[in-house]
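Have a look at the structure below before the remarks.
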Amino acid sequence: MFDFVGANDGSYIQALCQDFIRAVKEDRKSIFTADTIRSLVLVLISAVLIFGYLKNKLREHWVILGFTALILFDLVGVNRRYVNGDDFVSSIQMSKPFTANQVDKQIMNDTSHFRVFDLVSGPSKPSYFHNSLNGYNAAELKRYREVF
Numbered sequence: 001m002f003d004f005v006g007a008n009d010g011s012y013i014q015a016l017c018q019d020f021i022r023a024v025k026e027d028r029k030s031i032f033t034a035d036t037i038r039s040l041v042l043v044l045i046s047a048v049l050i051f052g053y054l055k056n057k058l059r060e061h062w063v064i065l066g067f068t069a070l071i072l073f074d075l076v077g078v079n080r081r082y083v084n085g086d087d088f089v090s091s092i093q094m095s096k097p098f099t100a101n102q103v104d105k106q107i108m109n110d111t112s113h114f115r116v117f118d119l120v121s122g123p124s125k126p127s128y129f130h131n132s133l134n135g136y137n138a139a140e141l142k143r144y145r146e147v148f
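Right, here's the structure in full:
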């Protein structure tokens, strides 16, 4: 029914071995299966809550509490998959994401107006310390980016 083939798998096959692609497909299949089972369990528990309420076995506040618990369980589970402890950085790293090296310090001593064009470290680091010629801008034209 599902082939678990991604849009970029063709380019991966050329660059990587077939075993890697097979492993990626197996990972996709196991994630899909786990999510399907999880969704079915949540739907079944919801159906039991609604059925219990309709048969007057559960009072309204217990049904609301049950749905609240299900929603929180689902939100926390999905959140842990995408944002976990490894994704957080300390406040020290956020306040000073880059450290100035000797070249940066030398350039900062210059008081004239200039822009820096750094092809070594990418657009982020020079833009943090200096006015950069090749800084990132989301509205940047594709042709302009191709020149640099």
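According to UniProt numbering, the stretch in the sequence shown is residues 1 to 148, in order.
Cβ atoms here follow ideal geometry from the backbone N, Cα and C, with glycine treated the same way.
In whole angstroms, give me the CA-to-CA distance for residue i and residue j.
i, j, result
"L44", "D35", "14 Å"
"F114", "K96", "23 Å"
"G52", "K25", "40 Å"
"G66", "S127", "51 Å"
"H61", "I37", "27 Å"
"T99", "R81", "31 Å"
"G77", "I31", "13 Å"
"residue 163", "T33", "The first residue shown for the chain is 1 and the last is 148, placing residue 163 beyond what the model contains."
Pull up the CB-CB distance for residue i and residue j, whole angstroms please, since I reckon it's below 8 Å.
i, j, result
"V116", "S132", "5 Å"
Between residue i and the rest of its own chain, which residues show a CB-CB distance below 7 Å, the 5 nearest in sequence each way excluded?
i, result
"H130", "I107, V116"
"L70", "L42, I45, S46"
So is residue i buried or exposed if we call it buried at 16+ other beta carbons inside 10 Å?
i, result
"L49", "buried"
"K125", "buried"
"D19", "exposed"
"D118", "buried"
Using a Cβ-Cβ cut-off of 6 Å (strictly less than) and excluding sequence neighbours within five positions of residue i, which residues of its own chain qualify?
i, result
"V89", "none"
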